[in-house]
Every structure is written in C-alpha cells, then in structure tokens.
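Chains as they are written, first to last, in my numbering: chain A, 4 to 224; chain B, 4 to 224.
Protein chains: 2
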Amino acid sequence: MREGPDIARIAALVADPARCSMLLALMDGRALTATELAGLAGITKQTASSHLAKLVDGEVLRVEAQGRHRYFQLEGPHVAALLEALMVFSSDSVPPLRTGPKDFALRKARICYDHLAGEMGVELHDRMRERGWLSDDLTITEKGWTHLAAIGLTPAKLPRSNRPLCRSCLDWSQRRHHLAGLVGRMILDHILALSWARRLPASRVIAFTPDGERRFLDWLR
Amino acid sequence: MREGPDIARIAALVADPARCSMLLALMDGRALTATELAGLAGITKQTASSHLAKLVDGEVLRVEAQGRHRYFQLEGPHVAALLEALMVFSSDSVPPLRTGPKDFALRKARICYDHLAGEMGVELHDRMRERGWLSDDLTITEKGWTHLAAIGLTPAKLPRSNRPLCRSCLDWSQRRHHLAGLVGRMILDHILALSWARRLPASRVIAFTPDGERRFLDWLR
DNA sequence: GTAATGGTTCGGTTAATATCGAACCATGAG
DNA sequence: CTCATGGTTCGATATTAACCGAACCATTAC
Numbered sequence: 004m005r006e007g008p009d010i011a012r013i014a015a016l017v018a019d020p021a022r023c024s025m026l027l028a029l030m031d032g033r034a035l036t037a038t039e040l041a042g043l044a045g046i047t048k049q050t051a052s053s054h055l056a057k058l059v060d061g062e063v064l065r066v067e068a069q070g071r072h073r074y075f076q077l078e079g080p081h082v083a084a085l086l087e088a089l090m091v092f093s094s095d096s097v098p099p100l101r102t103g104p105k106d107f108a109l110r111k112a113r114i115c116y117d118h119l120a121g122e123m124g125v126e127l128h129d130r131m132r133e134r135g136w137l138s139d140d141l142t143i144t145e146k147g148w149t150h151l152a153a154i155g156l157t158p159a160k161l162p163r164s165n166r167p168l169c170r171s172c173l174d175w176s177q178r179r180h181h182l183a184g185l186v187g188r189m190i191l192d193h194i195l196a197l198s199w200a201r202r203l204p205a206s207r208v209i210a211f212t213p214d215g216e217r218r219f220l221d222w223l224r
Numbered sequence: 004m005r006e007g008p009d010i011a012r013i014a015a016l017v018a019d020p021a022r023c024s025m026l027l028a029l030m031d032g033r034a035l036t037a038t039e040l041a042g043l044a045g046i047t048k049q050t051a052s053s054h055l056a057k058l059v060d061g062e063v064l065r066v067e068a069q070g071r072h073r074y075f076q077l078e079g080p081h082v083a084a085l086l087e088a089l090m091v092f093s094s095d096s097v098p099p100l101r102t103g104p105k106d107f108a109l110r111k112a113r114i115c116y117d118h119l120a121g122e123m124g125v126e127l128h129d130r131m132r133e134r135g136w137l138s139d140d141l142t143i144t145e146k147g148w149t150h151l152a153a154i155g156l157t158p159a160k161l162p163r164s165n166r167p168l169c170r171s172c173l174d175w176s177q178r179r180h181h182l183a184g185l186v187g188r189m190i191l192d193h194i195l196a197l198s199w200a201r202r203l204p205a206s207r208v209i210a211f212t213p214d215g216e217r218r219f220l221d222w223l224r
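See below:
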C-alpha cells in the first residue's frame with residue numbers, strides 16, 4: 004500500500020511551529036543545546052525534549068553529547084535545503100513585509116548551513132556557470148580548478164567526504180540557485196579566512212567589507 | 004507572536020499521507036481531476052475535496068474549472084522543488100539507488116499522461132517556441148500549423164474535445180516545460196505512428212530509433 | 001558527601017484534524 | 001424535463017499529538 008516514500012513523515016516533522024523555530028535557529032549549522040532551543044521556541048524543556056527526540060529519530064537532526072549537555076545540529080545540508088525550499092513560499096505570498104536593514108543584509112549575503120547564500124551566493128553560482136568553471140552537471144571544470152587555485156583552493160585541500168562536491172540549492176530570497184556542496188563550503192571558508200567578509204554575531208548575515216566585495220567580484224571576473 | 008515565517012503551515016500541508024500521494028501524482032505537471040486524485044490517494048471524494056481545498060488555499064495547488072471537472076495542478080516549480088527536497092531524505096536513507104539504464108531512458112524520453120516528456124519533450128516545447136510555431140500564450144501560430152501539416156497534422160484531424168489545444172507541463176526530470184494538451188498528444192501519436200519511436204512494454208519509456216530521433220530533430224530544425 | 005543544573009520520562013488534559021455517511025448543488029447527456 | 005455524475009458541505013466520530021506538571025536520572029560544582 005502507501006508505497007510512496009514517506010516524505011509525509013519528514014514533512015510532519017517540520018510541520019510543528021515549535022520544531023520549526025528550532026530548525027530555523029539551527030539553519031546556520033551551529034550546534035545548540037536543548038534548553039537553548041527550548042527557550043528560542045518558547046516551550047518548556049520537557050516539550051522540547053520530546054520534539055528533539057523526534058527530530059533525531061527522523062534523522063533531521065544529529066545530536067552529540069558533551070558532558071551534561073547535548074548539542075543538536077542539522078543532520079546535513081539537505082535539511083537546510085529543505086528549509087530554504089519551504090521559505091520560498093512565504094517569501095512571495097507576503098510580498099512587502101517591511102524589509103528592514105537587517106533583512107536587507109540577509110538578502111545580500113548570508114550563511115546557509117555552511118555555504119554562501121543570498122545575492123552574493125547566487126552571483127557566485129551564476130558567474131561560475133557563465134565562465135565555464137562549473138559545468139551543467141555541476142562538476143568543476145579544468146578551467147574552474149585553475150581559478151579556484153588562485154585563492155588557494157586545490158583538490159588536495161578538500162576534506163575527505165562522500166558529500167557531493169557541488170550542489171545547487173534554491174535560494175529563498177533570490178529564487179535562484181546558489182552553490183552548495185563541499186566546494187561551496189570551502190569558498191565561504193576562504194572568504195572568511197581572507198577577511199573579505201565576516202559573520203555578524205547571533206545572525207546569519209555575512210557582512211562583506213567594501214574591499215572584500217570588490218576582490219571577490221574581481222576574482223569572479 | 005510566532006513571527007517566524009509560516010513554513011510550518013506549508014510543511015503541514017505536505018505532512019498528510021493522502022495529500023502527499025496527490026502531490027506526488029501531480030509531480031509530472033499534469034492536471035488531474037478531484038476524483039482521479041481521490042482514487043490515487045485511496046480516499047473518498049469528500050475527504051479529497053477537503054484536502055484539495057486546503058492545498059489550493061495554501062497556494063500549493065492551482066485549480067482550473069473546466070466544465071463540470073476541476074483540474075488540479077502544482078502551483079509552480081517551487082512546489083516540485085519542495086517535494087524533491089523532501090525526497091532527498093528517503094533516497095538518502097536507502098543506499099545509493101543506482102541510476103540504471105532504464106532510469107536514463109526515462110529521463111531521455113517518456114510518456115507523461117499522453118504526451119512526450121523528458122529531454123525530448125522539453126526539446127519539442129522549446130524548439131516550437133523558439134521557431135515561432137507556438138506563441139507565448141500557447142496557441143499554434145500560422146507558421147506552426149504549416150509545419151504540423153508536414154507530418155500530417157491538420158486542425159481538421161483534431162478530435163472534438165474541450166481539452167485545451169496546448170498546455171505546458173513541468174517536466175519532472177528536466178524541471179522545464181514540455182508540450183502537453185491535444186497537440187502534444189497528437190504529436191506523440193504521430194511519432195509512434197511513423198515508427199520514429201515505440202513504447203517499451205510496462206514502462207513509461209519512449210524509445211526512439213536512431214533514425215527516428217534524427218528525423219524528429221530534423222523536423223524541428 | 002550535598003546541592004544545582006541539564007535533560008528525560010510519565011500521565012492526563014486539550015486541541016486539532018482526518019475520515020466518512022448523507023445530503024446537497026451544478027453540469028452535462030439523453 | 002429527467003437522470004447520472006463530478007464535486008462540495010455538513011455533521012459526528014475517532015485518532016493523534018502538543019503541551020505542561022511532577023517525578024526522575026545523570027553530570028558537574030562545592
């Protein structure tokens with residue numbers, strides 16, 4: 004019967020407002036404790052515990068015990084991708100919604116799990132496609148590797164992992180794809196390491212310095 | 004309160020197994036009637052009606068009344084994207100799930116309801132738009148009818164039906180539109196009648212012969 | 001050792017919703 | 001007009017699950 008993949012089961016895990024708040028809080032890839040998450044969601048510890056157990060059981064979250072704390076984080080990039088796919092809906096059903104300065108910064112550049120999203124993320128993705136650094140089937144071309152090497156990113160430096168090198172992730176604010184995957188992560192790491200940008204505390208905003216933005220775009224030219 | 008975007012509301016819409024079955028059935032972009040969907044989901048008409056109303060209200064589905072039927076289809080590509088994002092989970096938990104040759108054939112060309120889908124279907128659609136055979140509002144132009152006549156397809160041969168002549172349908176594998184509607188069906192019929200391709204038994208695969216594929220693409224040139 | 005804190009388990013209440021039977025409305029066929 | 005069919009509306013029922021209070025377990029601090 005019901006042979007269909009139980010995507011309903013996964014959806015149900017995200018369908019609760021409390022769980023949703025927690026997941027959104029974890030969008031940036033950090034690991035938070037159960038009580039922190041309970042506070043953010045506005046529920047008691049008991050309730051949060053129950054929710055978190057379900058999320059872990061459903062392989063949406065991963066948990067790591069450390070001392071008497073239990074740190075929760077997203078199971079992987081695909082969870083962030085799912086949340087972004089959901090945000091696409093709210094972003095256009097309620098168009099204006101007062102775009103404050105912080106909101107503006109979020110649209111400009113933010114972290115999505117572990118890679119760059121927002122205008123800058125989409126720009127990165129599109130430029131790489133346009134310049135032929137990235138092929139249609141999302142593999143880095145020879146020319147691409149050459150340019151990646153220019154910022155010190157070589158295949159040898161990639162961490163061993165079976166996670167796909169490149170992956171495209173639908174951007175909720177831009178409604179276009181940005182670059183995810185191992186390479187997406189490495190590029191963001193480099194942007195931060197070179198101080199082209201820095202993370203704003205307690206937010207997902209990636210703040211580029213004027214100089215950093217220029218260098219980044221130059222590199223893509 | 005709950006200022007968070009109501010991604011939970013959207014997720015809840017997908018969280019029900021019955022609604023899920025219906026959405027998956029619509030993944031190929033076809034438009035199905037309420038009773039068809041009820042049958043596929045294994046529920047009664049009343050229940051389906053309630054579900055469908057919710058999905059339309061939540062802007063997940065779009066409905067179009069035609070005669071005494073109501074055709075439901077996905078509201079847009081972002082819905083398909085969401086469903087795909089959800090499927091990543093189930094496909095991930097089960098091992099690699101090798102993409103066999105049959106899967107490759109499915110992406111290349113398959114039947115979608117009664118018309119051509121997959122790479123070849125998208126190619127047909129795009130070419131017809133590009134060549135000006137098909138206008139923006141999805142009507143066949145004069146030039147279009149000329150070329151259709153070249154393979155023996157004239158307006159007179161169209162079956163009497165209130166079904167729209169042309170319709171664009173979101174392609175599951177290509178994520179782009181292919182040509183549906185009466186004309187889409189007639190073209191596929193002709194492809195099969197001329198033996199440019201044949202249907203593989205017990206599957207949705209449309210297998211083009213090398214010669215047939217060449218002739219088909221030549222016709223689109 | 002005792003106290004404090006992070007986290008889980010249990011039980012009972014409450015709210016939401018999926019479901020269907022039956023009646024109802026609307027369209028199309030004859 | 002009459003009948004059949006697609007689809008919705010209206011209860012009423014039953015299942016689910018979110019929630020919290022209270023008790024409990026585990027780890028660190030003192």
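Where is the CB? At the ideal position from N, CA and C, for every residue including glycine.
Whose C-alpha, out of the options, is nearest the C-alpha of residue i?
{"i": "residue 111 (chain B)", "options": "B:209, B:224, B:156", "result": "B:209"}
{"i": "residue 51 (chain A)", "options": "A:71, A:26, A:62", "result": "A:26"}
{"i": "residue 74 (chain A)", "options": "A:81, A:62, A:40", "result": "A:40"}
{"i": "residue 133 (chain A)", "options": "A:92, A:64, A:223, A:11", "result": "A:223"}
{"i": "residue 90 (chain A)", "options": "B:92, B:91, B:82, B:90", "result": "B:82"}
{"i": "residue 33 (chain B)", "options": "B:160, B:146, B:67, B:127", "result": "B:67"}
{"i": "residue 69 (chain A)", "options": "A:88, A:60, A:35", "result": "A:35"}
{"i": "residue 172 (chain A)", "options": "A:106, A:53, A:124, A:18", "result": "A:124"}
{"i": "residue 186 (chain B)", "options": "B:12, B:152, B:64, B:87", "result": "B:152"}
{"i": "residue 140 (chain A)", "options": "A:78, A:85, A:168", "result": "A:168"}
{"i": "residue 160 (chain A)", "options": "A:189, A:170, A:194", "result": "A:189"}
{"i": "residue 182 (chain B)", "options": "B:121, B:48, B:158", "result": "B:121"}
{"i": "residue 202 (chain B)", "options": "B:117, B:30, B:146", "result": "B:117"}
{"i": "residue 214 (chain A)", "options": "A:199, A:206, A:207", "result": "A:199"}
{"i": "residue 48 (chain A)", "options": "A:76, A:37, A:63", "result": "A:37"}
{"i": "residue 57 (chain B)", "options": "B:149, B:71, B:155, B:21", "result": "B:21"}
{"i": "residue 77 (chain A)", "options": "A:10, A:128, A:24, A:211", "result": "A:24"}
{"i": "residue 150 (chain A)", "options": "A:107, A:216, A:30, A:221", "result": "A:221"}
{"i": "residue 92 (chain B)", "options": "A:93, A:92, A:79", "result": "A:79"}
Kindly say whether residue i, judged by its beta-carbon, lies nearer than 8 Å to any beta-carbon of chain A.
{"i": "residue 186 (chain B)", "result": "no"}
{"i": "residue 81 (chain B)", "result": "yes"}
Counting along the chain, where does the beta strand (DSSP E) carrying residue i start and finish?
{"i": "residue 114 (chain A)", "result": "113–115"}
{"i": "residue 66 (chain A)", "result": "64–69"}
{"i": "residue 132 (chain A)", "result": "Note, residue 132 (chain A): premise wrong, no beta strand (DSSP E); alpha helix (DSSP H) at 122–133."}
{"i": "residue 201 (chain A)", "result": "200–202"}
{"i": "residue 77 (chain A)", "result": "72–77"}
{"i": "residue 21 (chain A)", "result": "Not the beta strand (DSSP E): residue 21 (chain A) falls in the alpha helix (DSSP H), residues 20–28."}
{"i": "residue 210 (chain A)", "result": "209–211"}
Could you name the residues of chain A that residue i contacts, counting a contact when the two beta carbons are closer than 7 Å?
{"i": "residue 15 (chain B)", "result": "18"}
Check the Cβ-Cβ distances between residue i and every residue of chain B, and say whether any is below 8 Å.
{"i": "residue 206 (chain A)", "result": "no"}
{"i": "residue 85 (chain A)", "result": "yes"}
Please list the terminal residues of the continuous alpha helix (DSSP H) segment that includes residue i.
{"i": "residue 194 (chain A)", "result": "184–196"}
{"i": "residue 10 (chain B)", "result": "10–17"}
{"i": "residue 44 (chain A)", "result": "37–44"}
{"i": "residue 136 (chain B)", "result": "Premise fails: residue 136 (chain B) is in no alpha helix (DSSP H) and is neither H nor E."}
{"i": "residue 161 (chain A)", "result": "Segment: none, residue 161 (chain A) is in no alpha helix (DSSP H) and carries neither H nor E."}
{"i": "residue 47 (chain A)", "result": "Residue 47 (chain A) -> no alpha helix (DSSP H), and no H or E assigned at all."}
{"i": "residue 149 (chain A)", "result": "145–152"}
Using a C-beta to C-beta distance shorter than 7 Å, which residues of chain B count as neighbours of residue i?
{"i": "residue 115 (chain A)", "result": "Within 7 Å Cβ-Cβ: nothing; residue 115 (chain A) doesn't reach chain B, min ~13 Å."}
Can you pull the chain A neighbours of residue i, defined as C-beta to C-beta under 8 Å?
{"i": "residue 54 (chain B)", "result": "Result: empty, since nearest Cβ-Cβ is about 12 Å, beyond 8 Å."}
Can you list the residues of chain B that residue i reaches, using a CB-CB cut of under 8 Å?
{"i": "residue 23 (chain A)", "result": "7, 10, 11, 14"}
Would you call residue i buried or exposed, if buried means 16 or more other Cβ atoms sit within 10 Å of its Cβ?
{"i": "residue 204 (chain A)", "result": "exposed"}
{"i": "residue 18 (chain A)", "result": "buried"}
{"i": "residue 113 (chain B)", "result": "buried"}
{"i": "residue 138 (chain B)", "result": "exposed"}
{"i": "residue 197 (chain A)", "result": "exposed"}
{"i": "residue 87 (chain A)", "result": "buried"}
{"i": "residue 162 (chain A)", "result": "exposed"}
{"i": "residue 126 (chain A)", "result": "buried"}
{"i": "residue 106 (chain A)", "result": "exposed"}
{"i": "residue 207 (chain A)", "result": "buried"}
Could you tell me whether any non-hydrogen atom of the ligand MG is closer than 7 Å to the CB of residue i?
{"i": "residue 78 (chain A)", "result": "Judged by which ligands are present, the structure shown has none, so any question about the ligand MG falls away."}
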